[in-house]
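Undergrad:
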Ligand SMILES: [Zn+2]
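Residue numbers (my numbering): -6 to 282.
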């Protein structure tokens, strides 16, 4: 039996890439931070640890079982294709990436899902730590969708490992505050979701948030005409208009938020928001941030 290189190569490549992204975004920042202290990062790491615990305990075992079934019994769409195994796996990975694009749109459009995904968008800065900032219940409610993706698409165990590695790295990369040269970011955005693209998705402007839904390949945004680039990053305010108070983004308020009365996330939060935006613009013009 041939050794499966994805078992070793993926973790090794991921460790190197994570280090490169985290060091790179510190040395070459794309946007100025509004919350420079450690509190924000610690909050995101705590929320991330809770989310990862849910994924490890619930999603992981279930999707691995379904992927084994797809491999062993040739179940699901990709497995039905009269193609070699590598091509079936490629199709399955593409299918996962596209259906994650659709899921991301649902998390914004369906109110019950948005109240959970909101916690991710409430972050007042965008960097690699935001990639971990998800509500644990957000992870839990996505389990049936993820299970359906793996079962219906026929994602083999190997395709699942490839997709999980690609997805994790891509999410870390496009949430990062890494300033790539403008031309490189633009060229890369023909293939992948880039930090500039995703910065636009995390804008406080609803019309900008309603673009760049892709989490891996940018192809899906281009096909569906939801691709947006060319918004100057210095003009973007990261977050959601109705949640501009940093205290609301801390661990406990974030965990409680989905179960509290909801407010219109896109309605400016009164004077505090105006002051924040106005001061942010003044600072930027004055070159102090
Ligand atoms: Zn989103």
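For each residue, glycine too, the CB sits at the ideal point set by N, CA and C. Please read these numbers as outputs of a predicted model, since none were measured by experiment.
In angstroms with no decimal places, state the Cα-to-Cα distance between residue 37 and residue 244.
TA: Looking at the two C-alpha atoms, the distance is approximately 8 Å.
Undergrad: Rounded to the nearest angstrom, what separates residue 130 and residue 138 at their Cα positions?
TA: Looking at the two C-alpha atoms, the distance is approximately 14 Å.
Undergrad: Please report how far the alpha carbon of residue 11 lies from the alpha carbon of residue 159, in whole angstroms.
TA: Roughly 12 Å separates the two Cα atoms.
Undergrad: Spell out a yes or no on whether the stretch 214 to 226 and the stretch 4 to 18 are touching, meaning 3 or more CB-CB pairs, one atom from each, closer than 8 Å.
TA: Touching, no, given that fewer than three Cβ pairs across the two stretches are closer than 8 Å.
Undergrad: The alpha helix (DSSP H) spanning residue 64 covers which residue range?
TA: Segment 53 to 66, the alpha helix (DSSP H) holding residue 64.
Undergrad: With distances taken between CB atoms, is the gap from residue 164 to residue 153 smaller than 8 Å?
TA: Not a contact, by the Cβ cut-off of 8 Å.
Undergrad: With hydrogens ignored, establish whether the beta-carbon of residue 97 is closer than 7 Å to any heavy atom of ligand 1.
TA: Checking every heavy atom of ligand 1 against the Cβ of residue 97, one is found closer than 7 Å.
Undergrad: At 4 residues or longer, and completely inside the stretch 13 to 59: list those alpha helix (DSSP H) runs for me, N to C.
TA: If we require 4 residues or more, the alpha helix (DSSP H) runs fully inside the stretch 13 to 59 come out as 32 to 47.
Undergrad: For residue 15, collect the residues of the same chain with a Cβ closer than 6 Å to its Cβ; drop the 5 residues on either side in sequence, then sort them by chain order.
TA: Same-chain partners within the cutoff: 121.
Undergrad: Checking the sheet assignment: what are the DSSP bridge partners for residue 171?
TA: Looking at the DSSP assignment, residue 171 forms a beta bridge with 22.
Undergrad: Give the straight-line distance between the Cα atoms of residue 118 and residue 22, rounded to the nearest whole angstrom.
TA: Those two C-alpha atoms are separated by around 12 Å.
Undergrad: Exposed or buried, which one is residue 65 when buried takes at least 16 other CB atoms within 10 Å?
TA: When all chains shown are included, residue 65 counts as exposed.
Undergrad: Check whether the Cβ of residue 101 sits closer than 7 Å to any heavy atom of ligand 1, and report yes or no.
TA: Yes.
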